[in-house]
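What follows is one structure encoded as structure tokens, with my remarks underneath.
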Amino acid sequence: MRGKSVLLVIGGGIAAYKALELIRRLAERGVKTRAILTSAGAQFVTPLSVAALTGNRVFSDLFSLTDESEMGHIELSRAADLVVVAPATADLMGKLAAGLANDLASTALIATDKPILMAPAMNVRMWQSPPVRRNLETLKSDGVLFVGPGDGEMACGEFGPGRMAEPLEIIAAIEAALTNHGGPLNGLKALVTAGPTQEPLDPIRFLANRSSGKQGYAIAGALAAAGADVALVSGPVEIAPPPHVNLIKVGTARQMLRACEAQLPADIAVMSAAVADWRPESPASGKIKKDDGRAVPEIRLVENPDILATLAKSSNRPRLLIGFAAETDHVRAHASAKRARKGADWILANDVSADGEGRSVMGGDRNQIHLITVETEESWPEMSKADAARRLVQHIVRHFQETQT
Ligand code: PMT
0 MRGKSVLLVI GGGIAAYKAL ELIRRLAERG VKTRAILTSA GAQFVTPLSV
50 AALTGNRVFS DLFSLTDESE MGHIELSRAA DLVVVAPATA DLMGKLAAGL
100 ANDLASTALI ATDKPILMAP AMNVRMWQSP PVRRNLETLK SDGVLFVGPG
150 DGEMACGEFG PGRMAEPLEI IAAIEAALTN HGGPLNGLKA LVTAGPTQEP
200 LDPIRFLANR SSGKQGYAIA GALAAAGADV ALVSGPVEIA PPPHVNLIKV
250 GTARQMLRAC EAQLPADIAV MSAAVADWRP ESPASGKIKK DDGRAVPEIR
300 LVENPDILAT LAKSSNRPRL LIGFAAETDH VRAHASAKRA RKGADWILAN
350 DVSADGEGRS VMGGDRNQIH LITVETEESW PEMSKADAAR RLVQHIVRHF
400 QETQT
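Residue numbers for the sequence shown follow numbering that gives the first Met the number 0, beginning at 0 and rising by one.
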């Protein structure tokens with residue numbers, strides 16, 4: 000831990016006094032701490048005591064001109080090796096889960112590109128309440144790490160889970176996070192395909208489809224947030240890659256297959272790309288001209304390799320191989336047959352027909368998925384592609400937890 004640095008966010012709770020002890024323990028281990036003290040946190044500990052123990056000035060105001068000119072909030076959130084929230088209140092957890100940023104602490108938490116470790120502390124009923132449970136699940140699937148809370152008598156007089164972990168427990172969790180970057184999929188390699196492929200007819204024309212890459216990019220981002228080492232093999236799309244993924248750009252199905260095979264072995268593969276099933280047999284080397292009087296050109300197609308089926312048969316087959324099925328009728332039945340035919344472990348069926356207003360899952364922002372495995376079928380409600388990605392990653396995490404125990 001020596002030489003590492005931590006950004007400590009101190010939330011508003013009686014357990015804030017333990018944050019002072021935490022800073023001392025970190026200093027003993029040679030870890031530098033910068034602190035953000037929320038306005039609620041400052042009701043429990045003073046900026047002066049935090050500054051004295053960290054040996055650094057304390058940050059608390061998002062709109063402070065002095066602070067922003069010395070160190071902007073984005074830089075503050077990224078300069079440390081790890082962001083620790085102690086105590087993590089229901090408010091701070093809720094803001095991060097919902098993506099809200101209206102003060103320095105919540106902004107830094109969203110802006111950071113470093114792992115986040117939360118030490119929750121709150122009343123037992125709050126901890127057990129449905130909104131806090133939901134937020135906890137969301138944050139965990141986003142890759143946020145947690146330590147505690149423990150059981151015991153609370154400052155409010157009630158008994159049960161909600162007490163912030165003791166400073167030495169938090170130190171142990173910090174040590175683990177700093178050494179392995181944390182995340183439930185830490186140490187696992189994931190391969191994701193996304194977007195369309197483009198199959199050339201001539202140097203300027205191609206066969207393709209309407210896939211935007213949004214679903215696959217969201218899955219790659221959610222896997223990376225859960226700690227996986229992610230290779231994203233993408234056809235041509237217009238969107239930016241998520242942070243912490245290794246983006247490999249390809250054009251055709253055959254290039255996509257080669258790029259995927261180069262990423263093996265992998266623990267997880269999610270094939271969300273809309274790969275062209277056929278390509279023009281002999282693309283013209285020059286522009287196909289429209290000469291008056293000449294017949295309309297005939298384009299002969301040949302079949303492309305099936306990337307999913309090829310990986311399923313590979314001697315380096317990914318341990319968990321997940322395909323998608325884009326269907327327009329008998330969605331679940333066709334998808335289920337496709338899973339078996341292509342040799343995937345799971346298949347995510349989505350209906351890609353256009354709705355009454357011409358919107359489709361392909362190219363759109365939302366999805367409604369049926370997760371089909373060898374033994375089970377589960378239909379998810381319609382949700383954003385980001386939420387669908389997080390839900391899939393929760394299933395993947397559970398799968399690896401179950402197969403490892
Ligand atoms: O990109 P978006 O706009 O966000 O849209 C998302 C999506 C609709 C493209 C995505 O959710 C999806 O359904 N992807 C799969 C599209 C598809 O090609 O489905 P398919 O039923 O034709 O193929 C079944 C599976 O085989 C897929 O995992 C596909 O990647 C794979 N495949 C298909 C053909 C081929 N030659 N090689 C393959 O690996």
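For glycine and all other residues, C-beta sits at the position ideal for the given N, C-alpha and C.
The ligand PMT heavy atom lying under 6 Å from the CB of residue i
i    : result
S210 : yes
F205 : no
S233 : no
D102 : no
L307 : yes
Q197 : no
K113 : no
V244 : no
G362 : yes
Q214 : yes
M409 : This structure cannot settle anything about residue 409, because the visible part of the chain is limited to 0 through 404.
N349 : yes
A324 : yes
M382 : no
N315 : no
M163 : no
M121 : no
N55  : no
N303 : yes
R270 : Per the sequence shown, the amino acid found at residue 270 is Met instead of Arg. Yes, the ligand PMT has a heavy atom inside 6 Å of this Cβ.
Of the residues the options, the one placed nearest residue i, counting alpha carbons only
i    : options                : result
I368 : S335, L47, L144, V30   : S335
V146 : G161, E157, T137, A154 : G161
G12  : D291, L36, E27         : L36
L6   : A104, P264, A294, P183 : A104
D344 : I218, P119, L320       : L320
E377 : D60, N349, S359, G357  : N349
G71  : F58, S313, D80, V330   : F58
I238 : R133, K113, G194       : G194
F205 : A308, N366, L300       : L300
V269 : D290, P282, A308       : A308
D354 : W379, V373, T327       : T327
P282 : K94, A26, P202         : P202
V360 : L347, T372, I371       : L347
I287 : L200, V373, G29, R28   : L200
L52  : L91, T192, A26, A175   : A26
R253 : G362, A275, P264       : A275
R1   : K17, I9, E20, K31      : K31
A78  : L190, A120, A107, V84  : A107
A387 : P240, Y216, R209       : Y216
S383 : A85, R365, Q403        : R365
G182 : K213, I115, L21        : I115
A15  : P166, L75, D60, R132   : P166
E401 : I9, L184, R358, R389   : L184
V143 : Q127, P130, A118, M125 : A118
Element boundaries [alpha helix (DSSP H), containing residue i]
i    : result
D90  : 89-97
M0   : Run containing M0: none; DSSP gives neither H nor E here.
I109 : 103-110
V396 : 384-403
A15  : 15-27
V295 : Careful: V295 lies outside any alpha helix (DSSP H) and carries neither H nor E.
R124 : 123-127
P46  : 46-53
I73  : 72-78
Terminal residues of the beta strand (DSSP E) in which residue i lies
i    : result
I115 : 115-119
E302 : 300-302
I35  : 31-36
K248 : 244-248
R257 : Taken as a continuous stretch (DSSP letters only), R257 belongs to no beta strand (DSSP E), being part of the alpha helix (DSSP H) at 252-261.
P279 : 277-279
I267 : 267-270
Any non-hydrogen atom of the ligand GDP within 6 Å of residue i CB
i    : result
A273 : With respect to the ligand GDP, the structure shown offers nothing to examine, as its ligands consist of the ligand PMT.
Any chain D beta carbon closer than 7 Å to residue i
i    : result
I170 : No chain D is part of this structure, which consists of one protein chain only.
Entirely enclosed alpha helix (DSSP H) segments - the region 192-231, minimum 4 residues = 213-224
Secondary structure, beta strand (DSSP E): runs of 3+ residues fully inside the region 135-192 = 149-152, 158-162
Residue ranges of each alpha helix (DSSP H) within the region 306-376, 4 or longer | 306-312, 330-341
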